[in-house]
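>
Numbering (this note's numbering), first residue to last: 1 to 261.
#1: Measuring only the C-alpha atoms, how far is residue 96 from residue 170?
#2: When the distance is taken between beta carbons, is residue 251 closer than 9 Å to residue 230?
#3: Quick check on this structure: which residue in 40, 83, 194 has the alpha carbon closest to the alpha carbon of residue 208?
#4: What are the start and end residues of each continuous beta strand (DSSP E) run of 3 or more residues lying completely inside the stretch 18 to 64, in chain order?
#5: Would you list the one or two residues that DSSP bridges to residue 142?
#6: Secondary structure at residue 187, three-state DSSP: helix, strand or coil?
#7: Considering only C-alpha positions, which residue in the set 58, 41, 193 is nearest to residue 162?
#8: Using beta-carbon positions only, say whether residue 254 and residue 225 come within less than 9 Å of one another.
#9: Taking the continuous alpha helix (DSSP H) assigned at residue 86, which residues delimit it?
#10: What are the residues that DSSP puts in a beta bridge with residue 230?
#11: Using CA coordinates, which residue listed in 46, 41, 23, 18 is at the minimum distance from residue 56?
#12: Can you tell which of 88, 218, 11, 167 has the C-alpha that lies nearest to the C-alpha of residue 51?
#13: In the DSSP output, what is residue 97 paired with across the bridge?
#14: Please state whether DSSP places residue 219 in a helix, a strand or coil.
#15: May I ask you to report which of helix, strand or coil DSSP gives residue 175?
#16: My output table needs one value for residue 66: the three-state DSSP class, helix, strand or coil.
#17: Taking contact to mean at least 3 C-beta pairs separated by less than 8 Å, is the stretch 201 to 221 in contact with the stretch 97 to 105?
#18: Excluding the 5 residues preceding and the 5 following residue 125 in the sequence, name in chain order all residues of the same chain whose CB lies nearer than 6 Å to its CB.
#19: Going by beta-carbon coordinates alone, are residue 59 and residue 88 separated by less than 9 Å?
#20: With a threshold of 8 Å, establish whether the CB of residue 191 neighbours any heavy atom of the ligand COA.
#21: Answer with buried or exposed for residue 241, where buried requires no fewer than 16 other C-beta atoms within 10 angstroms of its C-beta.
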């Protein structure tokens with residue numbers, strides 16, 4: 001599938017900078033016990049891929065005008081996403097039908113379902129489709145249309161129509177960010193439209209997101225936390241965001257707690 005290859009150290013550097021917001025070349029060299037020349041080669045490669053951005057004396061995350069590259073998102077907060085995935089997988093039964101949206105957290109949820117039997121999977125996410133296809137008992141149906149190469153997903157009217165052709169038991173989707181008033185945010189109108197189509201055509205909707213999505217900015221509005229049946233996160237949702245769920249029927253499940261919050 002043409003996945004970008006980066007070293008383990010580069011992956012750790014990217015994860016660290018995304019979490020801290022900045023790292024100097026000298027600090028990175030000391031942290032990884034290598035020369036500053038080695039770190040410069042690492043970060044130069046990451047900057048060329050758009051995973052980081054050079055700034056005076058070090059590196060920082062890329063500008064937020066667009067989403068981070070998919071290969072970077074696959075390694076960011078990976079442990080937390082795996083915790084979320086296990087939490088979701090524990091609540092899915094064999095023989096159920098599921099619609100999966102684009103994004104790395106839905107992909108990791110699919111990975112956690114590898115031991116299930118006879119699931120029917122409907123998706124516009126090729127990463128999800130390939131993972132699901134490794135289980136011979138799964139029925140996998142994918143959307144047709146324009147392929148977005150970096151993210152390996154299919155967007156546009158064809159994807160929206162695809163999801164509207166089915167009524168599935170469970171819809172699994174993520175978002176780019178959540179505003180303080182509970183508004184769900186993404187970077188492209190087509191991403192929102194596909195997610196909303198899943199939401200309308202599932203019996204139970206599951207929003208999966210790690211803690212970094214709360215307060216993260218993106219410029220396309222698309223729904224609200226209260227629109228979904230269940231929210232799955234790795235940490236308790238900050239109080240300001242929980243305010244928007246007061247009086248709603250949305251359940252919140254936290255990976256480091258037992259049951260619903």
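We put the CB at the ideal spot given by N, CA and C, even for glycine.
Per the coordinate set shown:
#1: Within the chain shown, the letter at position 96 stands for residue 96. Within the chain shown, the letter at position 170 stands for residue 170. When rounded, the distance between both Cα atoms is 8 Å.
#2: Counted from its first residue, the chain shown places residue 230 at position 230. Counted from its first residue, the chain shown places residue 251 at position 251. For residue 230 and residue 251, yes; Cβs fall inside 9 Å.
#3: Within the chain shown, numbered from 1, the residue matching residue 208 stands at position 208. For residue 208, the nearest C-alpha among the options comes from 83.
#4: Complete beta strand (DSSP E) runs here, min 3: 53 to 55, 58 to 60.
#5: Taking the chain shown and counting its residues from 1, the one referred to as residue 142 is at position 142. Beta-bridge pairing links residue 142 to 123.
#6: For the purposes of this step, residue 187 is taken as the residue at position 187 of the chain shown. Looking at residue 187 - three-state DSSP - the assignment turns out to be coil, as it is neither helix nor strand.
#7: Position 162 of the chain shown, counted from the start, is the residue given in the question as residue 162. Closest by alpha carbon: 193.
#8: By one-based count along the chain shown, residue 254 stands at place 254. By one-based count along the chain shown, residue 225 stands at place 225. Cβ atoms of residue 254 and residue 225: not closer than 9 Å.
#9: Against the chain shown, residue 86 aligns to sequence position 86. Looking at the DSSP string, the run of the alpha helix (DSSP H) that includes residue 86 is 78 to 89.
#10: Mapped onto the chain shown, residue 230 falls at position 230. The partner list for residue 230 (beta bridge, DSSP) reads 206, 251.
#11: Here the question's residue 56 lines up with position 56 in the chain shown. The residue among 46, 41, 23, 18 with its C-alpha nearest the C-alpha of residue 56 is 23.
#12: As a working note, residue 51 is residue 51 in the chain shown. Across the set 88, 218, 11, 167, the C-alpha of 11 shows the shortest separation from the C-alpha of residue 51.
#13: What you label residue 97 is simply residue 97 of the chain shown in a count that begins at 1. 120.
#14: Here residue 219 refers to the residue found at position 219 when the chain shown is read from its first residue. For residue 219, the secondary structure class from DSSP, reduced to helix, strand or coil, is coil.
#15: By one-based count along the chain shown, residue 175 stands at place 175. Residue 175 falls in the coil class under three-state DSSP.
#16: The count along the chain shown starts at 1 and reaches residue 66 at position 66. For residue 66, the pLDDT reaches just 49, beneath the cut-off of 50, and the residue's location in the model is therefore unreliable, although a value from the coordinates is still provided. If DSSP states are grouped into helix, strand and coil, residue 66 belongs with coil.
#17: A contact exists between the stretch 201 to 221 and the stretch 97 to 105.
#18: The residue given as residue 125 occupies position 125 in the chain shown. Here the set comprises 100, 102, 153.
#19: Sequence index remark: in the chain shown, residue 59 carries index 59 (1-based). Sequence index remark: in the chain shown, residue 88 carries index 88 (1-based). At the C-beta level, residue 59 and residue 88 stay beyond 9 Å of one another.
#20: For the ligand COA, the structure offers nothing, since it holds no ligand at all.
#21: Mapped onto the chain shown, residue 241 falls at position 241. Buried, since its Cβ has 16 or more Cβ neighbours within 10 Å.
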